[in-house]
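Here's the structure we're looking at; comments come further down.
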Amino acid sequence: MKIQPVKVAIVGCGGISDSYLGTMINKFKILDVVGGYDRNPDKVKDKVEKFGIKAMTFEEILADDSIEIVVNLTAPTGHYPVIKQLLEAGKHVYTEKTMTVELEHAAELVKLADEKNLYLGAAPDTFLGSAIQTARYVVDSGMIGEVTSCVSTLTRDSEIFSRAFPFTAKPGGGIGFDVGIY
């Protein structure tokens, strides 16, 4: 029996969407990326030209019963209302970091997904990847002895970063959003 590809749409066509679209379209034949939406029509137009997806409104994505999964690539401050509407419309959702800015909102969304028998996933899931799992194995197995300390340093001019990505200067943004979540 041949498995039919699952129809997917994206919401949010900013910089990270190139990575998601390229990977979903070129690496996962089980995914059929059919469309995308962004509040900025120019961003959607760019993805239509670059990846051959259809420009859609958010309402069209919500109403299209053939779309089973929506990848939410909006800024963190908008995640809660976007995810809630998608779940209420019966869509499985994978969202970029962080799921929500408020813990209570995340708990509400998890409950809603459970009630509707839907999947709700959130980045980062990189801690499940081979690099982090190998590092954990090395530490847990005692292969390198007892770890007694660790030093990590990250420097960045937050003003430059927030000019390039304005949402990082708002709740849910900043270094905690970008790196601390990992």
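Residue 2 is where the sequence shown starts when you use the working numbering, and the numbers rise one by one after that.
Every residue, glycine too, gets a C-beta built ideally from N, C-alpha and C.
What you are looking at is a predicted structure, and each value in this text was computed from that prediction instead of being measured.
Reduced DSSP category for T78 - H, G, I as helix; E, B as strand; rest coil: Shown here, T78 sits in a helix according to DSSP, grouped into three states.
Cβ contact (3+ pairs, closer than 8 Å) linking the stretch 65-81 and the stretch 11-29: Yes, since at least three Cβ pairs between the stretch 65-81 and the stretch 11-29 fall closer than 8 Å, the two stretches touch.
Cβ-Cβ distance between L113 and Q86 below 8 Å: No, they are not a contact pair.
8 Å Cβ cutoff met for K46 and E69: Contact check for K46 against E69 fails: the beta carbons are separated by 8 Å or more.
Reference G15; option with closest CA among P172, A170, A165: G15 has its Cα closest to that of A165, out of P172, A170, A165.
Selection from T24, K30, L110, I145 that minimises the alpha carbon distance to Q5: Checking every option, the nearest Cα to that of Q5 belongs to K30.
The alpha helix (DSSP H) enclosing G15, as first and last residue numbers: From DSSP, G15 is part of no alpha helix (DSSP H); its letter is neither H nor E.
Start and end residues, beta strand (DSSP E) containing T58: Under the DSSP assignment, T58 falls outside any beta strand (DSSP E); it carries neither an H nor an E label.
Inter-residue Cα distance where the pair is P172 and K3: A direct Cα-Cα distance of roughly 45 Å separates P172 from K3.
For G122, the three-state DSSP class (helix, strand or coil): G122 falls in the strand class under three-state DSSP.
Presumed contact (8 Å Cβ cut-off) between A132 and M100, rounded CB distance: No, A132 and M100 are not in contact; Cβ-Cβ is about 23 Å, not under 8 Å.
Range covered by the alpha helix (DSSP H) that runs through D43: Here the alpha helix (DSSP H) through D43 covers 42-52.
Where V111 falls: helix, strand or coil (DSSP): In this structure, V111 counts as helix in the three-state DSSP scheme.
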